[in-house]
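In what follows, a single structure is set out as structure tokens and then discussed.
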Amino acid sequence: MGIGMTFAAYVAASVLFILSLGGLSNQESAKRAIWYGIVGMAIAVVATWFADGVGNRVLILLCIAAGAYAGHYIAGRVQMTEMPQLVAALHSFVGLAAVFIGLNADLMLSAVTAMKEAGIAMGDAELTGYGKALWHKDAVEISILKVEVFLGIFIGAITFTGSVIAFGKLSGKVDGNSKQLPGGHMLNAAGLAVCLLLGLMYLGGSGLWTMVLVVLVAGFIGWHLIMGIGGADMPVVVSMLNSYSGWAAAAIGFTLGNDLLIVTGALVGSSGAILSYIMCKAMNRKFVSVILGGFGGSNGPQMEVEGEQVAIEADGVAAALNDADSVVIIPGYGMAVAQAQQAVSELTRKLRANGKTVRFAIHPVAGRLPGHMNVLLAEAKVPYDIVLEMDEINDDFPETDVAIVIGSNDIVNPAAQDDPNSPIAGMPVLECWKSKQVFVSKRGQGTGYSGIENPLFFKENTRMFYGDAKASLDKLIPMID
Amino acid sequence: MKIGTPKETFAGESRVAMTPDSARLLQKLGHECVLETGAGKAAGFSDVAYKDVGVEIVKTGAALFKASDVVAKVRPPTDTEVKRLRKGQTLISFFYPGANEELMGKVADKGATVIAMDMVPRISRAQKMDALSSMANIAGYRAVIEAGNNFGRFFTGQVTAAGKVPPAKVLVVGAGVAGLAAIGTATSLGAITYAFDVRPEVAEQVESMGAEFVYLEFDASELPDGADTGGYAAPSTPEFQAKQLAKFRELAPDIDIVITTALIPNRAAPILWTKDMVEAMKPGSVIVDLAAERGGNCELTVMDEKIVTDNGVTIVGYTDFPSRMATQSSTLYSNNIRHMMDDLTPENDGVINHDMEDDVIRGATIAHAKEVTFPPPPPKIQAIAAKPQAKVKEKTPEEILAEETAAFKAATVSQVKILVVGAVVMFAIGAYAPASFMQHFVVFVLSCFIGFQVIWNVSHALHTPLMAVTNAISGIIIIGALLQVGSGNWLVIILSAISIFIASINIVGGFMVTRRMLAMFQKS
């Protein structure tokens, strides 16, 4: 296939990718948009496979078949509660591929340079399409290429190890608490400096070993950086890694001079960046302070919480729900942990069958992944038009009879508004305490991930419904009539 | 521990301190329950109902006192009952220690611990055992019903075929617990309700119950702050009282029903409805005086009696409103007692831990270990009643407009700054980089731009599918590996082959899982 045809295919693929992301603006168009993405990808891969200067075509088919089988297997089996770790794992693949391709680019570059120096004519050397492109580069272009190779490898390696750790933390294989080696961020800074130094040496012609070292050091930075970030900040981390995987792809696109890679990488990179921004905004925190771990500055003692947590049994909750007209449910990570989404859905169905208005309030950072709660509720067949965002529902709480908080904590903490000294002061929260009655389903007393006391639990209109979320709801559901 | 409830001996008292329901819950705390036969009869609970939940029934009061470790009753103990008390026994009842000092001395001598339900401190935590409030609530409700019983007209206004009926006008004086309950009952019966209280901060509560608050023209800053007195009204100044009476005098001819609930702890009730006001009222009007026990808010009130004045105004001075609704009041009172026992048995193991460090328990205990422990020290936590908040000034439309313009200007400035900086960076790169790089760079910048525009429109609910789909399309990195795999170098081939393999996992896995997720989103 001629170069013109390949380019035409790449343009088509780029347009389809943009359409497939744009289609996610609502649930119905998204179902169509996903096909744009799939077709775009198919066009891109097939066009490249047929392109001039691509060799080992049989090997390519074998690898794609094996990868497709593995991908199919994983995607078919994954539980919706495991989405965060799956997403993290897929990020790590992109990072690893970027590292390999970057190393390859350097290997091929040195091979081509060697041939040029040996005085072999271009026609005599059996070159791939990419090899030919390398042959034509002048000195400045080669320097730029080396910078691109360095960037691709550096970002790729950070993405790889960072995503592996994020995967470990999200799947519970690595302790979720923030942990750092002595030296903390100085160690990361030192690593960065070493990488830059190695990059400069590489530019000076020091050969492949510098890049291999960059892989190791950048890998260490990625590992250490994500180890230092606590479980509650995972939505930001995953979006950030999403962004990095995009930038790594874009950097590789520059290395290879491939516009499709650049376009796609830029799309993915900006998508992840925007998601990180939205998550940080929802927690009222600076991106840097999330990445560097720990909470932002607290400038004084926190307010004392007065009162006591009053417990309630399932029959009390059921009585209140039977009397209520409007109910708002606020799910959090605890619902996902307890696998309670089916029970929540069943409760919703029963309440709605009795003519009550039931809605869900989703905070942007609920769960461990942006939009995590929406997916879990959708899986449990909760209709998406009763699942609302924070801004859509916050004004409705004063008219709500019963608010049920299931496994969330910081996102319903009134201290964010009342206590300027609270570590989460200024964070937008769901104002569920304004409803007439609040029930909090929680495993036991004590603070959540962030360790911040929640005055909501001590409010007069709050009752604590202790116990595992799923078990509590299962007890509650038969009592609704 | 054994908790026992005797029959109330006070004449006309129908309430009982334990109901079958509360007995069941007390047993859950690990206690056993005993009842004197017939104790619940007047309140509508038969011995059989108690037996069914496992309460032991004893024949006489003496036997009951002997059998139980804790005696829970309603009225303060009589002399006979005090004699029956023994060392180490706990008595829970209303006691009014301020007025019953002699009795208090006697029970202390006996060595019994006495918890006075009327001394429970008014803090949020103790609301569930605040028997005064639960009884006041009933009294407020019953006061309106009693007034309706003696009032010859409808509460609600009606236009019927037979003629027009004006709505009744009700004035509630004192918007405490009883007052608010009375307001709620009167408004729900359809009366036009007015309410007055010396604490202007309760106006909001009054209005929330559907009544109109009667304001006096008075400088609020001169008033005592209700929050300092545990939520009760404080005695008012003579000038204030004069204004208040003038206002009532003005209202009196119009009002059909007056319900007075003004009481200040440990004082005689203030006279708020004088003889001349009663005389100014229309015949057939009704006054219900909930303060009758302390002399009454109305000058003409006779305690425990209903009188009719010469001009046909009925004045009800009953003091036993809760007892007149014995089933309801027993249910609430027994729940108050049960909550108190809950706090006394923190381990739910039937063992009482009388913790004198606890504000609530200390406050309510008036005799312990042969000592009179009344009055209690002030509670460690100061109580309730939010301070009146300084009102946020409303912004004028001009100010809002000015703010918006300023915000718009700031946004413009920052955008222009970003564009200028961006342009400078572009030129700097363009000045040094070769053309082949710039071509790709243009593509890159435009793609970022498109990416930002597109992603902002993605619905929040679809952020997880967005991440999965971007995962899938970032598998496009496979193209790079495809272009390299034809190389002659075996290392390059192996690395590219691995890259193709894992990128394919990404592509197929990412798209499939996105499809799975999107298929789940369903409209109702």
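Chains L and C supply the protein sequences, listed in that same order. Here the first sequence is numbered in my numbering, starting from 5 and rising by one per residue. Here the second sequence is numbered in my numbering, starting from 1212 and rising by one per residue. Idealized CB from N, CA, C, for every residue including glycine.
Separation of residue 269 of chain L from residue 10 of chain L, as counted between CA atoms: 19 Å
So with CB distances below 7 Å, who are the chain L contacts of residue 1734 of chain C? 387, 388 and 389
On the three-pair Cβ rule with 8 Å, is the stretch 1245-1262 of chain C touching the stretch 1307-1324 of chain C? no
In chain L, which residues lie less than 7 Å from residue 1701 of chain C when you measure between Cβ atoms? By Cβ distance, chain L contributes nothing, its closest Cβ being about 10 Å from residue 1701 of chain C, past 7 Å.
Could you tell me whether the stretch 1650-1659 of chain C touches the stretch 212-230 of chain L, using the rule of 3 or more Cβ pairs below 8 Å? no
Of the listed residues L/120, L/473, L/142 and L/242, nearest to residue 318 of chain L (C-alpha basis): L/473
Members of the stretch 358-371 of chain L near chain D, C-beta cut-off 8 Å: The chain labelled as chain D is not found among the protein chains of the depicted structure, namely L and C.
Could you pull the start and end residues of the alpha helix (DSSP H) that residue 1658 of chain C belongs to? 1646-1667
State the DSSP-derived secondary structure class of residue 1500 of chain C, mapped to helix, strand or coil. strand
For residue 1573 of chain C, does the count of other Cβ atoms within 10 angstroms reach 16, so buried, or fall short, so exposed? buried
Pairwise C-alpha distance: residue 1550 of chain C and residue 174 of chain L: 43 Å
May I have the straight-line CA-CA distance separating residue 182 of chain L from residue 122 of chain L, to the nearest angstrom? Spanning the two alpha carbons is a distance of roughly 54 Å.
Using the Cα positions of residue 73 of chain L and residue 1690 of chain C, report the straight-line distance between them to the nearest angstrom. 19 Å
Using a threshold of 7 Å, state whether the C-beta atoms of residue 1353 of chain C and residue 1532 of chain C are closer than that. yes
Cβ-based burial, residue 105 of chain L [other Cβ within 10 Å; buried from 16]: buried
Who pairs with residue 1484 of chain C in a beta bridge, going by DSSP? C/1509
The stretch 1467-1485 of chain C / the stretch 1380-1393 of chain C touching (three or more Cβ pairs under 8 Å): yes
Any chain C beta carbon closer than 7 Å to residue 201 of chain L: No - not a single Cβ of chain C is within 7 Å of the one on residue 201 of chain L.
Selected residue, minimal CA-CA separation from residue 234 of chain L, among L/373, L/179, L/152 and L/149: L/179
Rounded to whole angstroms, what's the CA-CA distance from residue 169 of chain L to residue 89 of chain L? Just pull it up for me. 10 Å
Identify whether residue 470 of chain L lies in helix, strand or coil by the three-state DSSP scheme. strand
Assuming residue 295 of chain L and residue 410 of chain L are in contact, meaning their beta carbons sit under 8 Å apart, how far apart are those beta carbons, in whole angstroms? Not really, about 30 Å apart at Cβ, beyond 8 Å.
Any C-beta of chain L sitting closer than 7 Å to the C-beta of residue 1242 of chain C? Not a single C-beta of chain L is nearer than 7 Å to the C-beta of residue 1242 of chain C.
Could you round the C-beta distance between residue 406 of chain L and residue 434 of chain L to whole angstroms and report it? I think they count as a contact, below 8 Å. Their Cβ separation, rounded to whole angstroms, is 14 Å, which puts residue 406 of chain L and residue 434 of chain L out of contact at 8 Å.
Length at least 3, wholly inside the stretch 386-461 of chain L: the beta strand (DSSP E) runs in chain order: 391-393, 406-410 and 441-446
Roughly how many whole angstroms lie between the Cα atoms of residue 1412 of chain C and residue 347 of chain L? 44 Å
Give a yes or no on whether the C-beta atoms belonging to residue 1281 of chain C and residue 1214 of chain C are separated by under 7 Å. yes
In this structure, how does DSSP classify residue 1636 of chain C when only helix, strand and coil are distinguished? helix
Along the chain, which unbroken stretches of the alpha helix (DSSP H) at least 4 residues long are found entirely within the stretch 1342-1385 of chain C? 1342-1361
Please compile the residues from chain C whose C-beta is within a distance smaller than 7 Å of the C-beta of residue 256 of chain L. 1688 and 1691
Per DSSP, the bridge partner or partners of residue 255 of chain L: Bridge partners of residue 255 of chain L: none, in fact.
With DSSP as the reference, label residue 1676 of chain C as helix, strand or coil. Residue 1676 of chain C: helix per DSSP, three-state reduction.
Inter-residue spacing [alpha-carbon to alpha-carbon] between residue 368 of chain L and residue 239 of chain L: 9 Å
So what does residue 1215 of chain C bridge to, in DSSP terms? Beta-bridge pairing links residue 1215 of chain C to C/1245 and C/1282.
With 7 Å set as the bound, which would you pick, yes or no: does the beta-carbon of residue 1340 of chain C sit closer than that to a beta-carbon of chain L? no
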